[in-house]
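Input: a single structure, listed below in structure tokens.
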Amino acid sequence: MTLVCVLTYTFEIVFGLAGTILMLPLLSHLYPSKTLVIYSVLPQILVAVIGLVRSPAKVDRKFMAGMLLFAGFGAIAGFALFYYFSASVFQVLLASAITAAGLFLVIAPHRAKFNPAGMRVMDTLAGTSQALFGISGPIAMTRLLATYREKNTVRHYAFAFFLAMNGLRATEYAIHGTYTGEILEMMAVSAPFLAVTLWFSNQLHLHVNERIFRRVVSWMILIGGLSLFYR
């Protein structure tokens, strides 16, 4: 499990998305989907913290506050649905969400355009998806790419968004008593390896051919989502 997470979240710290989307299909035959979604809060926080600490960019607090406000509204619905759905229904919904994300990344243009209302809808959907599935990268990145042109700026804002939303997830799980002994053990064992690997792999984003790599991973996400329907 630790090796899979090291590989998938290395991709996320380099490109700003898809760590959890890639991890879930690879490990869902070993662990329940909900267990993996809850566990994913740890590597996502590590990715965001390390990515922000090692980046010289700054975040516009007013912009981020507006984005997080609407994402918070969406997260309320996402948390309610997370605890409402049975494990079998959740598996189907998760597979559908990952497949849709992969399909979008494969066929969508590189730069979408939204009016202000459309951006707030995207913020809300990102919050709902993050709370329900532990995944908001494709939605949040599409919204940020429509706002900023420079790759490193988009990556930095994505990490700021993910840190805030996963901090909310971690807090909600603690309040609700969602963490189990198994999940805490998984976190304790993998955390040191993830932290060290992510700290050094952060610099890879300066050297990797992003366009080709994203195209390959888009197909990986799509195939991974489809595979979840047959587990």
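Here my numbering is used: the first residue of the sequence shown is 1326, the next is one more, and so on. C-beta atoms are modelled at their ideal positions from N, C-alpha and C, and glycine is treated no differently.
Of the other Cβ atoms in all chains shown, fewer than 16 fall within 10 Å of the Cβ of residue 1411; this residue is therefore exposed.
With a beta-carbon spacing of about 4 Å, residue 1403 and residue 1453 fall inside the 8 Å limit used to define contacts. Where residue 1340 is concerned, the enclosing alpha helix (DSSP H) starts and stops at 1327-1340. By the Cβ test, the stretch 1470-1483 is not in contact with the stretch 1515-1527, since fewer than three Cβ pairs between them sit closer than 8 Å. By the Cβ neighbour-count rule, residue 1506 is exposed, with fewer than 16 other Cβ atoms within 10 Å of its own. Residue 1528 counts as exposed, since fewer than 16 other C-beta atoms from the protein chains shown sit within 10 angstroms of its C-beta. Distance from the Cα of residue 1384 is smallest, within the candidate group 1469, 1501, 1332, for 1469. Of all alpha-carbon atoms in 1344, 1327, 1336, 1353, the one lying nearest the alpha-carbon of residue 1554 is that of 1353. Residue environment for residue 1440: exposed (fewer than 16 other C-beta atoms within 10 angstroms of its C-beta).
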